[in-house]
Every structure is written in structure tokens, then in C-alpha cells.
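Trainee:
In our numbering, the protein residues as written are -5 to 1098.
1) Would you check if the segment 363 to 371 and the segment 830 to 847 touch, i.e. whether three or more CB-CB distances between them fall below 8 Å?
2) Quick one: is residue 987 buried, meaning 16 or more other Cβ sit within 10 Å of its Cβ, or exposed?
3) Within 10 Å of its beta-carbon, does residue 911 have 16 or more other beta-carbons around it, so buried, or fewer, so exposed?
4) Does the contact criterion of 3 or more C-beta pairs under 8 Å hold for the segment 147 to 164 versus the segment 122 to 131?
5) Do residue 26 and residue 20 count as a contact pair if the criterion is CB distance below 7 Å?
6) Could you work out which residue in 1068, 152, 140 is closest to residue 110 when comparing CA atoms only?
7) For residue 36 and residue 48, what's the separation of their Cα atoms in angstroms?
8) With a threshold of 8 Å, are at least 3 pairs of Cβ atoms found where one atom belongs to the segment 207 to 223 and the other to the segment 184 to 192?
9) Run the CB neighbour count on residue 451, radius 10 Å, all protein chains shown included, and call it buried at 16 or more, exposed below.
10) Leaving out five residues on either side along the sequence, give the residues of the same chain with a beta carbon under 8 Å from the beta carbon of residue 1006.
11) Expressed to the nearest angstrom, what Euclidean distance is found between the alpha-carbon atoms of residue 1079 and residue 925?
12) Under 7 Å, do residue 175 and residue 197 count as touching if we go by C-beta distance?
13) Ignore the nearest five residues each way along the sequence and tell me which others in residue 791's own chain have a CB closer than 6 Å to its CB.
14) Assuming residue 997 is part of the alpha helix (DSSP H), what are its boundary residues?
15) Can you check whether the CB of residue 291 is closer than 7 Å to the CB of residue 285?
16) Roughly how far, in whole angstroms, is the beta-carbon of residue 60 from the beta-carbon of residue 83, given that I think they are within contact range, below 8 Å?
17) From the DSSP secondary-structure annotation, give me the bridge partner or partners of residue 227.
18) Distance, Cα to Cα, residue 1018 vs residue 1029?
19) Hey, residue 54 and residue 46 are a contact pair by Cβ (cut 8 Å); roughly how many whole angstroms apart?
20) Near residue 294, what residues of its chain come up, given a Cβ to Cβ distance below 8 Å and the 5 sequence neighbours on each side ignored?
21) For residue 970, I'd like the list of residues in its chain whose CB is within less than 7 Å of its CB, leaving aside the five on either flank, ordered along the chain.
22) May I ask you to report which of helix, strand or coil DSSP gives residue 22?
23) Going by the beta-carbon positions, is the gap between residue 434 and residue 456 smaller than 7 Å?
24) I believe residue 521 touches residue 449 by the beta-carbon criterion, under 8 Å. Please report the beta-carbon distance rounded to the nearest angstrom.
25) By the DSSP assignment, the beta strand (DSSP E) with residue 1091 in it spans what residues?
26) Alpha carbon to alpha carbon, what distance is there between residue 750 and residue 422?
27) Mark residue 464 as exposed unless 16 or more other C-beta atoms lie within 10 angstroms of its C-beta, in which case mark it buried.
28) In the DSSP assignment, the beta strand (DSSP E) including residue 294 goes from what residue to what residue?
29) Going along the chain, which residues of its own chain have a beta-carbon closer than 8 Å to the beta-carbon of residue 475, five neighbours each way excluded?
30) Under the rule that 16 or more other beta-carbon atoms within 10 Å means buried, what is residue 320, buried or exposed?
31) So residue 655 and residue 680 are supposed to be a Cβ contact under 8 Å. How far apart are they, rounded?
32) Helix, strand or coil: how does DSSP classify residue 511 here?
33) Along the beta strand (DSSP E) that carries residue 607, what are the first and last residues, could you check?
34) What residue range is occupied by the uninterrupted alpha helix (DSSP H) comprising residue 748?
35) In three-state terms, what does DSSP make of residue 526?
36) Going by beta-carbon coordinates alone, are residue 841 and residue 738 separated by less than 7 Å?
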């Protein structure tokens, strides 16, 4: 204050405050009259700055008075930024500095664990949560918090691949594979066992194996079926033994014990039980033996004609392989002494075969045979001749004698008989053979016929010109004209259906995966033996090439046609999902053969999707069902139609056989009626159409009259004509008279001798009903000329049939045969007597011939059948198997009254059609062409392939095929090879590709030449490769990859990585980048990238 210390009235005191203080109260006071100061005593108080707010997430400390300091600080987790941490209250009551703020602290970004993920921020208080991909477990803290010191709590986690428990090994088998997530364990069984259960198991993301644990169970062999007359004991499991044993009288042929092997096959050979065989018995001298020498067989001994049996006639083969009884022998038969004729004498022996020779006194001529032979029955043949006078007549060849051929001058001087004449021989008018035209110029001796085949038919056998012969028969044989046939159409990658002869139509179709180049799929064979249209081709079907793959692309090195493979590759940053990374170009959808309709035709455009087939019916039939149906992706659309007869099962359509009748009736089969007609013949005739005389008409026969046939284990119906009623085919009994001889002065037509002799025997009524003349055989005697002329040896067959009318329950066919045999023997003896008395003579070719006895023999009677018939038991049946082409492509098996056809190898079906093996997979290996032939096929390897399995031909190993130069490398490729230019460096040869491919394709190509993708193991090689490339932007693969173990790079020769030349930041650890290339943008330093990308590549070949 100012004013001093002594104050008087009216003195004024002035008050002031120090700086930073302000006055409160009166700033001056005056001394008043009352001695008191006016006003109030002032005071000085400090000046205050305005209150400052603490920053968000912060606090302050200090005063607000002038000169005071205010300090700012932040809460935990925040930093003071943007101003002054301390401010001063200034005298002017303002704060110094700038107001600060509290900002939230941040932690460093945490890395994402490999095969994992994270969520959350990195500011103070934020929590980051870690998770792993499926198949991986989290190791470490699953959450970390950003702390106030900008550090994360906890430790960094990692993702470890899930590991499944170790799979137990399977007894009798092996397993391979790992037990980490995604890895697979594969199971195989030891030889002789097969897998039951999952073939492989995959470690799943939950650590549990997929599938079920398999087991190896023994592989059983097929049950062995005992062969006839045998038993089999034992099991059929692996290692089991099957033991064969035979019934009494049989012995094992093949393996007596067979073991079940690992391939489910039996060891050893096929086993059969064969009848035991006894030693072969010799026939007795001058005798014979009939029968076989197997267990249970009985042989019968007989003696030659003129000998009688002494000893056991029957001997049986026993189970000990020995014969019953003892060996018999044959003794020669003896005749009584022959008597001399009146006016003549006789000489000769009396044992069988001895000849008694008769001669007449001078002035007499012998009438009858000049000899008699001692026969097998102990009697002389023929009759004793007489000594008379006689004349013998004969005609020229081609003419036959009427009336007597022998006239005798009697005692009265008159000739016996009627004077004969010679008339020309006449042949029966020939029938025109089927499918031919015949011209007949005459039907008497010497005239001819000519025959030609109709157009479209070829001559197979027979004679086109035939001559009427002296025998009354036509020379040669009738012609057989068969359809002209075309060459089977050769359709590579395709086949045909149908027959290939004149007017036949075949239908062509291509195999699965091939399309026909022509819309005409049918060919017709013309009469010239050629097809009416050119044969089309079957070209490969091609797939759609415009397929797109999202985030990927297709690699089709072999194109988009049938059989090629297209690989699906992903763009960089994408991985293929799913099980397959290959597409295969399959064929178009084939519906197969739609079949044919009976009694109709079809028009087929093809058998692939969109093709159609149209059916029509023959005249007299109506189509039931759709006329046309179409091949779709699910097969033929529509129900196949059929042709129904216009007038179903009309009994009047089925005629009765001549000399017979039919009996018709109906019988329900389930709910479907069946009409039957049974053919009957008037006794004793039999029905001879087929093995069945019963005709059926029903839904099963398409409402047509048909006969049910059974053959080769199958049943079918056949439309046949109504048969005939004909006599039964009875066997006949033949007896042969041999030992006859004719002596001629010059050669004679032997056929003429047969004809003339048959005529003479018929004229003499020597063989009366039931006997008939059978075959007459003429042949030269020992084929040489004798001093007295040329001798011809003759045998005559006499035969007879049993009369069916005589067969009764008490007179069996066997008894009838015995009676007939006696009749034939009697008539054979009459022939013998006729010859012995010289009573059988004739003229041939101007020569007078007489049949003489040269040791006449008469055979024992036996059973026989006509030509074209075979004997079954005591019956004769037509031998259909003797007919030409009765079973095309099959073996004919004859049965009583029927036959069956057993297809030959390479043929199949009811009609034994050729099996087109080329239509089916498995007959020919890959890279080959299958060619079907009639009943067979063959495989031809494609160019560049060889061997039975058509394996790739390695031209590079063949000095002849390898045409590469000295500075080139031969690289074998599928079906071919190529020569790559080669640059040498330090004893190694290097080639650069002209095309870009995936890493795997580069490995395969280099291996084709015996090399590998290039290895870069030092800077010298690195520099050489850069120079070799010469093109600055050519991106090439090198042989370095970590495909097996992520992060562990290995060279293509299997060595570990030592030298490296990575580009900055490489390799970057991306699991999708497993293959290494020289990166042009990084001066050809190394970079890892997806193996499915396409790059050029360098191959290296060791030339040492």
C-alpha cells in the first residue's frame, strides 16, 4: 500500500497487489473523522486460469493458478499424442501450449499360422482368435490379447496336421501309407487271399479313419465236380487237397490229387476215370474177334467162312484187367466126295475152298458150272453140271438182251427157248436241280443233258453235262447250285449283321466310340458277288471341345476325340477339388442292336443317340406296336413291335399229311390258350417231317403254326411245312456172295459188267421178294493179265427188309430177321449153284463172258441201312448230318429222328453266327486294331507299337529305327520318337523344348529320352543355362520340387538342395507352389510356382 505509516484525517491509502494477484475489496481507503478507515480492507488473491478437461482416456494433475502447471497423462493402454504433456497458467489467465489427446496403443500384426486362420484386431485390448483348417490341430494359445505395453499376451500358436492312430496290420496281408490327415492306407492280401472290407482307408479331419478295417480271407477254388464213375473227397480252400477215386473197373487218368492254389485254380490236370483196359486179344488163325477190350466188355470170336470154332466163343474183360475163359481156335470144314456127271468126270479136294472140277467127254458141252466149291456149311456149291450142247447170246454195250441168253440143243435137235433181241437202254428222265436250268437232249444210251445255274448262283458240285450210260443210270452227279456270296465287308472299328450271299442284306454298325461316314448302313449282295454300295468307314467320335472350367483350363495334348484324355488344371491360386483330374472322351451313347421282327424287316439308321429303326411286316402279317422308335440317352424309346398273322391260328391253314390225318385241340397254358394239331399217318406209315408231329399255335409262337425243336440244350420254334407219311426206315439184312470171277480177252468197262450182271440176275428171278439185288462190285483180279486173259473178281450183295405187316407181339422184328436171314442164305446158295453149273453168262462189248467159281464165299448175315441212313439200335434213321451245309459253322450231332448243331469255336447263338470279338473289350490290347474274321479274329499293333500286348516300341534303342544325328538326343514318345538338338557342357547334353507343358509332362518327356529335367547345382551351370536360353523371356522348368515334403526341395536326380539361386523373397512358402522355374523377370533367378502351370523346360542327358 502507498501512504506511509502515519495517517491523518483525510489521508488516503492506496493498495496494489503483486503481479499474478488480484485485489478484492477497496483499492484505497481514507482516514475518516472518526478515526476509522473508509471502505473495507482489501485482500490479494491469486489469478486462476479456466479449468481444462482431461483428454478422453486420460487424466490431469496440477493447479489452475497463474504460474501453476497442469500435467496430462493417459490411462493404461493409451499414449499421449498431439500436444504438450504439461501446460502453464499464464498471467493473462490463458494456458500455454496445445491440448494433447490419448490414442489407443497398437500391437504388431500377428502372422497367420500355416494351415490356419485368425480373427480380431491389433489395438490395445483387442483379442485375436486362432483356428486351424480341417485336419489340423491348434498347438499353443488359441487367443492373444494386445496389452498396454503394445505386446501380445501368450505365445504364437501353430497348426499341426491331425494324426490318426496307427492302423493295425491285417493278418495274411500288407498295408502301406501314412497316418496323417488326408493320407491313405492301402491294403493288399497275400497270394491266396482276397480282401474283405475297405481296400483303402483315409485319415479324416477328426482323426478317425474312414471305412472299416478289412481282413484277408482265403480264396476258395471252385467246387470240383466228380467225373463219371469217380468220387472226389476233400475241401476247396487254399491249400486243400482234392482226392479222386474211381469205381471198380476204372482207373485214374490225370491227377489223382489236386491242390487248391492261390489263383483259385486247381493244380494238376483234369482228372477222369477211364475204364480199365485188358490186353488186346488176337483173333484165332482163320478167325476173327468182335468187341472192345475195356472192363466189362465181352468179345465174341468167330471163324472165317469155312472154319468152325472150338473153345470159348465169349470172353469178358475183368476189373483185374484179365480175360475170362481160354483162347479158342478154328478148324477147317470138310465136304463129302463130289459125284461125277453123266458123260463126264470130276477131280479135286474135299476141304473148304477146294474146287471140284468137272469136264465132259468129247462131243459134249458142259451145262452149268464146270466147278463146285466146298462151302462153309460143309456142302458143295451149286449143282452138279450136265454134259449137253448149248449157245450163249449177249448184246453190245448200251443194249440189253430180251428173252433167253442161253439156248440148248436138245436130243430132238430143237433149240430151247426163244431167240433173243437187243434193245437200247433207257435212263429215267432227270429232275431239274433247284436254282438251275436243264436241257435234256434224250434219255437213251449215249444221249446227254446240260445244266446251268440260275443268275446269282454258283456251281458248287456235280456235272453240268451228264450222259445216259449202259447201266441205265446217268453219269456223274446232279449239280448243286448255291447262292453267289460277296466278300465279307471289312469295316475297321465296326461290324455287320446278316448273311453275305446273293440278295442278302447286311446291316453295318460302328463300335462304341466311332461314327459311320455314310447314312447308308445297309449293303445288298448282287448276283455278280459284289456289294451294291461302297463300304463306309467308321471314324472316331469326338467330344465337345468347348468345355470350360471355372478358375482353370483343360490340357488336351491328344485332342478331343474318342479315347483321348483331357487333364483339368487350375489357375494360379486355385486347387483342384474332387476325386478326378482327368476327363475321358467316351463314345456317344449307343443303344445296341434293336433286334429284328419275325416275318418282317427293319430299316436301321444307326445305333447311337438320335438314330431310328423302322419296322415293316411281310404280306399276311400286321404290325403290332410302334412302327419307329428312337435311340436316346436311356436306350431305345418305345416297346419293340412284332408282326402278327392276319388270321391267327386258323386250323384250315394247316393241311393234313397225305395218307394221314390231323387231330386239333386247344389247351390253356396258364391263362393263355394254346392251339395244337397232332399229325397222324395211316398204318404202317410214319410221319417224317421232323422229330415232332405236334404243331403249336399261341402267343409264344407269334400266333403261327410252328413245331417246337430242342437242340444244344435250348428250345426254339421252327416254321416247317407239313411232312409226309412214309414207310418206316427199317434196317435190311445183307449177305455177300464173293469169289466169283470173269475172264475176258481184252479190257471191259467194269460198270457195264455190273449193269449187265444185275440185269441177268433180275431176269433169272434169282432173288425174289423179300430179297433184292444190292451192290455188285467188280474189280480186276490182282490187277494183272493172266495167260488165259484178264480176270475180273465179282461180289454180289443180296439183301432183304423185314415186312412191318408181319411184326406182331409174338413175331418180333428180331424173329423176322432170323427168318429173312435163312431165306437170303438159301438164295445165295442158289446163286452159287447157278455159277457152278455155268448158268450165269452174258455179253459185254462184243465179248461173251461167263461167271465162274473162284472159291465162292457166302458171308454171315448182318444188319445194315441205306446210304444216307444210320443205325441206332435196331432202327435206321435218316442221317441229316450227311446233308451238305446242314450245320453251317457247327458240328452236326445226329440223333434218332433228329439232329442238333454244336457251334464251332468262334461262333455262337441259335444259328451259330460268327462272334464279332472286335465289338468287345479285352480281346485286343490298347494301341491295336482288331480285325474280325469268320470264326476268329486277329490284332494288329498300331504304328510305333509291337509285341503281343502292343507295347510302345522304343525306337531310340534300335540302331535301324533311330535316325537321330550325332548332336541330337533321341526321345522315345508314345508310339513314335523325335530327335532333339543337343548342346554339350561338361560331359552333359542339354536340350530346350519348343513347347510349354506342365512340370509332370516335362518329367515324362525327358525320361522318354533317358534323361531328367535339368539340375542346377552350381553357379557355372546357372550361367551356362542363361547363355543357352538366349531368349530373355523364355520361362523354363528346372528339376527342383518340394512336392513330396513341403519346404524340402529335392532335385530330379534325388539329391538334396545345396546350391541355390532364389529370387528375392523366394521361395515364399505357398503350399500351392511346389515346382521351380528360371524366372526371366528376376534375371533367371529361381521362383517357385504351381506345377500345373505350363512352361518350357530343359532336359539333361548324361553322355558319359
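Each residue gets a CB set at the ideal place from its N, CA and C atoms; glycine is no exception.
Please read all numbers here as calculations on a predicted model, not as lab measurements.
Mentor: On the basis of the supplied data:
1) yes
2) For the purposes of this step, residue 987 is taken as residue 993 along the chain shown, with counting starting at 1. Flag for residue 987 reads buried.
3) Within the chain shown, residue 911 is the residue found at index 917, counting from 1. Answer is buried; the Cβ neighbour count reaches 16.
4) yes
5) Taking the first residue of the chain shown as 1, we reach residue 20 at position 26. Taking the first residue of the chain shown as 1, we reach residue 26 at position 32. No. Outside cutoff.
6) The residue labelled residue 110 in the question sits at position 116 within the chain shown. Answer by Cα proximity: 152.
7) Within the chain shown, residue 36 is the residue found at index 42, counting from 1. Within the chain shown, residue 48 is the residue found at index 54, counting from 1. One C-alpha to the other measures close to 35 Å.
8) yes
9) If you number the chain shown from 1, residue 451 lands on position 457. Buried is the call here.
10) Position 1012 of the chain shown, counting from 1, holds the residue named residue 1006. Closer than 8 Å at the Cβ level, and outside the excluded window around residue 1006, lie 997, 1000, 1033, 1046, 1047, 1093, 1094.
11) As a working note, residue 1079 is residue 1085 in the chain shown. As a working note, residue 925 is residue 931 in the chain shown. Rounded to the nearest angstrom, the two C-alpha atoms are 56 Å apart.
12) Here residue 175 is taken as the residue at index 181 of the chain shown, counted from 1. Here residue 197 is taken as the residue at index 203 of the chain shown, counted from 1. Contact flag set, yes.
13) Here residue 791 refers to the residue found at position 797 when the chain shown is read from its first residue. Cβ within range, chain order: 728, 730, 768, 769.
14) Along the chain shown, read from residue 1 onward, the residue named residue 997 stands at position 1003. Where residue 997 is concerned, the enclosing alpha helix (DSSP H) stretches over 993 to 1002.
15) Position 291 of the chain shown, counting from 1, holds the residue named residue 285. Position 297 of the chain shown, counting from 1, holds the residue named residue 291. Contact flag set, yes.
16) Residue numbering aside, residue 60 sits at position 66 when the chain shown is read from its first letter. Residue numbering aside, residue 83 sits at position 89 when the chain shown is read from its first letter. With 8 Å as the limit, residue 60 and residue 83 qualify as a contact, their Cβ atoms being about 5 Å apart.
17) Start at 1 with the first residue of the chain shown, and residue 227 comes out as number 233. Paired residue(s): 237.
18) The residue you call residue 1018 lines up with position 1024 of the chain shown. The residue you call residue 1029 lines up with position 1035 of the chain shown. Approximately 15 Å, taken between the alpha carbons.
19) Walking along the chain shown from the start, residue 54 turns up at place 60. Walking along the chain shown from the start, residue 46 turns up at place 52. Indeed they touch by this definition, with Cβ atoms about 7 Å apart.
20) In the chain shown, the residue the question calls residue 294 occupies position 300. The residues are 283, 284, 285, 307, 308.
21) Locating residue 970 in the chain shown gives position 976, where the first residue counts as 1. If we look at residue 970 and ignore the five residues flanking it on each side, its Cβ neighbours are 938.
22) Sequence index remark: in the chain shown, residue 22 carries index 28 (1-based). Looking at residue 22 - three-state DSSP - the assignment turns out to be strand.
23) On the chain shown, residue 434 is found 440 positions in, with the first residue counted as 1. On the chain shown, residue 456 is found 462 positions in, with the first residue counted as 1. Going by C-beta atoms, residue 434 is not nearer than 7 Å to residue 456.
24) Along the chain shown, read from residue 1 onward, the residue named residue 521 stands at position 527. Along the chain shown, read from residue 1 onward, the residue named residue 449 stands at position 455. Contact holds; Cβ gap of about 5 Å.
25) Stepping through the chain shown from its first residue, residue 1091 is reached at position 1097. Its beta strand (DSSP E) spans residues 1090 to 1096.
26) What you label residue 422 is simply residue 428 of the chain shown in a count that begins at 1. What you label residue 750 is simply residue 756 of the chain shown in a count that begins at 1. Answer to the nearest angstrom: the Cα atoms are 17 Å apart.
27) For the purposes of this step, residue 464 is taken as the residue at position 470 of the chain shown. Buried is the call here.
28) Working through the chain shown from its first residue, we reach residue 294 at position 300. 292 to 297 is the extent of the beta strand (DSSP E) around residue 294.
29) Mapped onto the chain shown, residue 475 falls at position 481. Excluding residues within five positions, the ones whose Cβ falls inside 8 Å are 427, 428, 429, 430, 447, 448, 451, 452, 453, 454.
30) Taking the chain shown and counting its residues from 1, one reaches residue 320 at position 326. Exposed, since its Cβ has fewer than 16 Cβ neighbours within 10 Å.
31) Here the question's residue 655 lines up with position 661 in the chain shown. Here the question's residue 680 lines up with position 686 in the chain shown. Residue 655 to residue 680, Cβ: 14 Å. No contact.
32) Numbered from its first residue, the chain shown carries residue 511 at position 517. Three-state DSSP puts residue 511 in coil, outside helix and strand.
33) Counted from its first residue, the chain shown places residue 607 at position 613. Note, residue 607: beta strand (DSSP E), 606 to 611.
34) Your numbering for residue 748 matches position 754 in the chain shown. Note, residue 748: alpha helix (DSSP H), 744 to 757.
35) Here residue 526 corresponds to residue number 532 of the chain shown, with the count starting at 1. In this structure, residue 526 counts as coil in the three-state DSSP scheme.
36) Along the chain shown, read from residue 1 onward, the residue named residue 841 stands at position 847. Along the chain shown, read from residue 1 onward, the residue named residue 738 stands at position 744. Yes.
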